[in-house]
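Asker: Numbers given in this note's numbering equal positions in the sequence shown, counted from 1, plus 240.
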Amino acid sequence: MKKNIKLILLPILALYLSSCSSDKLTISSPDNSLSVSISSQNGNIFYSVFKNNIEIIEKSKLGIISDKFDLSDNLNLGKVTYGSNNSSWSQVWGEQKVIKDHHNEIVLSLDSDLNDYLMKIHFKIFDDGIGFRYEILHPEEDVQFSITDEKTEFRFTQDSESWWIPAYAYRRYEFLYANTLISEINRDNFSKLVEHLHDPRIGPEAVQTPFTTQRDDGITIAIHEANLSNYSSMTLKTNGTSNMECDLIPWSDGDKVKTQTPMVSPWRTIIVGNNPSEIVMSTLTLNLNEPNKIEDVSWIEPGKYIGLWWEMIGTNQSTWGSGSHHGATTEKVKKYIDFGSKYGFEGLLVEGWNTGWDENWCCTGEGEAFDFYHSHPDFDDKEVAKYAKGKGIRIVGHHETGTQIDNYESQLDSAFAYCQKMGIRVVKTGYVNDGSQNIKRIKSDGTQVKEWHHGQYMVEHFRKVLETSAKYEVGIVVHEPIKDTGLRRTYPNMLSREGARGQEFNGFMPKDWNNKPNHTTILPFTRLLSSPMDYTPGIFNLKEYRYNSPDDRTINTSHHIPSTIAKELALYVIIYAPVQMAADLPEHYEDHDGFQFILDVPVDWRESIALNGEIGEYITMVRKDINSDDWYLGSITNEDRRQLDVDLSFLDSNTSYVATIYKDPSDGGWESNPESLEITEKVFNSSDKYTIVLPEGGGQAIRFSPKK
Ligand code: NOJ
Ligand code: CA
Numbered sequence: 241m242k243k244n245i246k247l248i249l250l251p252i253l254a255l256y257l258s259s260c261s262s263d264k265l266t267i268s269s270p271d272n273s274l275s276v277s278i279s280s281q282n283g284n285i286f287y288s289v290f291k292n293n294i295e296i297i298e299k300s301k302l303g304i305i306s307d308k309f310d311l312s313d314n315l316n317l318g319k320v321t322y323g324s325n326n327s328s329w330s331q332v333w334g335e336q337k338v339i340k341d342h343h344n345e346i347v348l349s350l351d352s353d354l355n356d357y358l359m360k361i362h363f364k365i366f367d368d369g370i371g372f373r374y375e376i377l378h379p380e381e382d383v384q385f386s387i388t389d390e391k392t393e394f395r396f397t398q399d400s401e402s403w404w405i406p407a408y409a410y411r412r413y414e415f416l417y418a419n420t421l422i423s424e425i426n427r428d429n430f431s432k433l434v435e436h437l438h439d440p441r442i443g444p445e446a447v448q449t450p451f452t453t454q455r456d457d458g459i460t461i462a463i464h465e466a467n468l469s470n471y472s473s474m475t476l477k478t479n480g481t482s483n484m485e486c487d488l489i490p491w492s493d494g495d496k497v498k499t500q501t502p503m504v505s506p507w508r509t510i511i512v513g514n515n516p517s518e519i520v521m522s523t524l525t526l527n528l529n530e531p532n533k534i535e536d537v538s539w540i541e542p543g544k545y546i547g548l549w550w551e552m553i554g555t556n557q558s559t560w561g562s563g564s565h566h567g568a569t570t571e572k573v574k575k576y577i578d579f580g581s582k583y584g585f586e587g588l589l590v591e592g593w594n595t596g597w598d599e600n601w602c603c604t605g606e607g608e609a610f611d612f613y614h615s616h617p618d619f620d621d622k623e624v625a626k627y628a629k630g631k632g633i634r635i636v637g638h639h640e641t642g643t644q645i646d647n648y649e650s651q652l653d654s655a656f657a658y659c660q661k662m663g664i665r666v667v668k669t670g671y672v673n674d675g676s677q678n679i680k681r682i683k684s685d686g687t688q689v690k691e692w693h694h695g696q697y698m699v700e701h702f703r704k705v706l707e708t709s710a711k712y713e714v715g716i717v718v719h720e721p722i723k724d725t726g727l728r729r730t731y732p733n734m735l736s737r738e739g740a741r742g743q744e745f746n747g748f749m750p751k752d753w754n755n756k757p758n759h760t761t762i763l764p765f766t767r768l769l770s771s772p773m774d775y776t777p778g779i780f781n782l783k784e785y786r787y788n789s790p791d792d793r794t795i796n797t798s799h800h801i802p803s804t805i806a807k808e809l810a811l812y813v814i815i816y817a818p819v820q821m822a823a824d825l826p827e828h829y830e831d832h833d834g835f836q837f838i839l840d841v842p843v844d845w846r847e848s849i850a851l852n853g854e855i856g857e858y859i860t861m862v863r864k865d866i867n868s869d870d871w872y873l874g875s876i877t878n879e880d881r882r883q884l885d886v887d888l889s890f891l892d893s894n895t896s897y898v899a900t901i902y903k904d905p906s907d908g909g910w911e912s913n914p915e916s917l918e919i920t921e922k923v924f925n926s927s928d929k930y931t932i933v934l935p936e937g938g939g940q941a942i943r944f945s946p947k948k
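#1: Give me, in chain order, the residues of the same chain whose beta-carbon lies closer than 7 angstroms to that of E295; leave out the 5 immediate sequence neighbours on both sides.
#2: Between Y234 and K533, is the Cβ-Cβ spacing less than 9 angstroms?
#3: Among residues of its own chain, excluding the 5 on either side of Y829, which ones have a beta-carbon nearer than 6 angstroms to its beta-carbon?
#4: Output the boundary residues of the beta strand (DSSP E) element that contains T931.
#5: Confirm, please, whether the CB-CB distance from Q651 to D598 is below 9 angstroms.
#6: Quick check: is any heavy atom of ligand 2 less than 8 angstroms from the C-beta of G742?
#7: Quick check: what's the CA-CA separation for A941 versus K683?
#8: Ordered along the chain, which non-local residues of its own chain (more than five positions away) have a Cβ less than 6 angstroms from that of S736?
#9: Just verifying my parser: in three-state terms, what is the DSSP assignment at W597?
#10: Please indicate yes or no: does the CB of H719 lie closer than 8 angstroms to some heavy atom of ligand 2?
#11: Would you report the Cα separation of L468 and W507, rounded to the nearest angstrom?
#12: Between E808 and ligand 2, is there a pair consisting of the residue's CB and a ligand heavy atom that are separated by less than 8 angstroms?
#13: Can you look up R412 in the DSSP assignment and give me helix, strand or coil?
#14: Comparing C-alpha positions only, which one of K661, W550, I361, S279 sits nearest to E375?
#15: Under three-state DSSP, which class holds C486?
#16: If you compare alpha carbons, which of P946, D824, P935 is closest to E918?
#17: Got a sec? Which residues, its chain only, sit under 6 angstroms from D833 by beta carbon, not counting five neighbours each side?
#18: Helix, strand or coil for Q651 per DSSP?
#19: Going by beta-carbon coordinates alone, are W560 and M552 separated by less than 9 angstroms?
#20: Who pairs with R863 in a beta bridge, going by DSSP?
#21: In angstroms with no decimal places, state the Cα-to-Cα distance between Y648 and V705.
#22: Which value, in whole angstroms, describes the spacing of the CA atoms of L302 and T453?
#23: State yes or no: is the C-beta of A628 within less than 9 angstroms of the C-beta of G663?
#24: Could you tell me the boundaries of the alpha helix (DSSP H) in which G563 lies?
#25: Say the cut is 8 angstroms; is the CB of V347 nearer than that to a heavy atom of ligand 1?
#26: Given that a residue counts as buried once 16 or more other Cβ atoms are within 10 Å of its Cβ, and exposed if not, what is D367?
#27: What are the partner residues of T669, as DSSP defines its beta bridges?
#28: For R786 versus T478, is the C-beta distance shorter than 9 angstroms?
#29: Give me whichever residues DSSP pairs with P732 in a beta bridge.
#30: Out of V573, D869, Y872, A657, which has the shortest C-alpha to C-alpha gap to Y613?
#31: Give the DSSP-derived three-state secondary structure of Q696 in the structure shown.
#32: Since I believe G283 is in contact with L315 (beta carbons under 8 angstroms), could you give me their beta-carbon distance rounded to a whole number of angstroms?
#33: Determine the closest residue to P450 out of T595, G443, M474, with distance taken between C-alpha atoms.
#34: Please work out which residues of its chain come closer than 6 angstroms, Cβ to Cβ, to K807, disregarding the five sequence neighbours upstream and downstream, and give them in chain order.
#35: With a Cβ-Cβ cutoff of 9 angstroms, do D928 and L888 count as a contact?
#36: Report the option in F837, F579, I339 whose CA atom is closest to the CA atom of F780.
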């Protein structure tokens, strides 16, 4: 029996409730540029979104279905409450110190005559986007249920250009982006345009989030989620039109989410801007996460690190495992410590320090067990810890799990207690497993099943690691992670993560398969909307850097990184992370004038501004240091040469700045002349304009320091 939703409007209607007919509520953002209309029809509940009074998402359905209830249909609308907030909060570290949380909100209570469950839908409307989440309540607590479908739809009114990576594919989030109309999203097109997606093709046609689309009028929209906790991650299912629907990654038994009352879902987020650079500035995701839970944050230190890493990933001269080419030997690590300490780096990443690398740890999910608190025989951990301490640098630990989750979880406490004892404050974790639904889970009856990398099992695993590491005062940088949904606000020891194709693909993949010059001009408008990224910039030796093998020290000429030194420097400003790596070998930095920029550039900022940007074309970011009055600029382009005129009005007025400019020469460019760098000085003030000239695949980095 279907019913019309009855609206019970409370007398506390606030001014921002701009219209309310019998079946429609409209609520606007504080600046009135964005609004959501909520409507009901035949027991169904819908929302639509307007930007500048233009409908950008049309009537889209909401609701949740589980094994115990269907709260997507036959709904009665009960109490409706409104609220608003205008406050600000400070980040422990970040792209900006202070974040404003200014929003209006509405909460709808919905029930069904067919069951005892109550569903509340919470909407928060900010100037930069919208978040909504479901809450499921029952008269009793701890009633178990399994979500079988979340009915959230996103029906875009325009079939616009979009940038996406496929869900339900091997290699998690590590793909280049496809650029198609929304209606053209499918794996065949991805195979045609980007990379052949091999079998098995399981799961629906769907994309990962953040998913970004730009309309013909420039309005740019990104769909993502915030505070993904005790739930499975949301992908967006497509069907050959401009409509998308929430698709939750299932458990191996088909359940989408295993949960109990009372339950809250993650926030479904819609970031909206007038243009691409506006969405880069969005703080919606962070605003929709819980405040910091870690009382004493004095041990959480942003910083820069070098690594015994590129030798394995890039130059191919060393190995993680035992043998004559083993990289992480006591002697070699000490040399890296000397270099890092000489130049004031906070950390030195050491990979291959432990045992477990000698068997088939990569990439099938079937590797041998890693050990996380006993070191390799030729790595004297105590000696190294003592040496590092004496030199004022910390070792960055490394936990490659090969996705042997049980093995890692059984050692978690000991592993992080070991770190604390050894003076390690940051650990990079890793989950290499290049299959599709391929993560082993041992059930309580001892049988083994395979889970997806992004399902609830892994969401919960990653949280366990984050909470355990916090207990031992260790920050983490996750490779092959679950996507970020803003958790760094609640756990500021969640420092950074990979979760996209990083520099490593330039290291180990030949020219035709590495990241293209446009990749880093797409990331700021897609993946980077969610969080810091451990991209690992700073490669200076871009051509003829890789050996054929550790035994065969002849150059493999099929490798050439599609970047320039100036662009590598610009990436430290473009890609935000509180821990940034200088990824190349020490010998490529020593005596190189460009290294000074890496030494100078901060990792914690008072303020950040996207000056310009078009997705897949170019972007210019400026950021102000948290500890000084210096500003930094980074600008990058795709494979096209271009000039960008920028206004320097972001600089403090009444101050003259000396700008140290790191740029490609006029005959520069990623292919022809990537390793030449010009460094010049100029004086500017805030009323000046400046033209950034970028060659093909190039970039530019500038430090502005107040003139003494
Ligand atoms: C993949 C990671 O992205 C890379 O940084 C790491 O070196 C290897 N896995 C080994 O753990
Ligand atoms: Ca990786």
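Ideal placement from N, C-alpha and C gives every residue a C-beta, glycine not left out. All values reported here derive from a predicted model rather than from experimental measurement.
Answerer: From the atom records:
#1: S288, T397
#2: For the chain, the structure presents residues 241 to 948; residue 234 sits outside this window and is missing.
#3: F835
#4: 929–934
#5: no
#6: yes
#7: 52 angstroms
#8: V717, P772, D774, A817, V819
#9: coil
#10: yes
#11: 8 angstroms
#12: no
#13: coil
#14: I361
#15: strand
#16: P935
#17: I919
#18: helix
#19: yes
#20: S848, Y872
#21: 9 angstroms
#22: 21 angstroms
#23: yes
#24: Neither: G563 is in no alpha helix (DSSP H) and is coded neither H nor E.
#25: no
#26: buried
#27: H639, V718
#28: no
#29: In the DSSP output, where bridge partners are listed per residue, P732 has none listed.
#30: A657
#31: helix
#32: 5 angstroms
#33: M474
#34: I876, G938, G939
#35: yes
#36: F837
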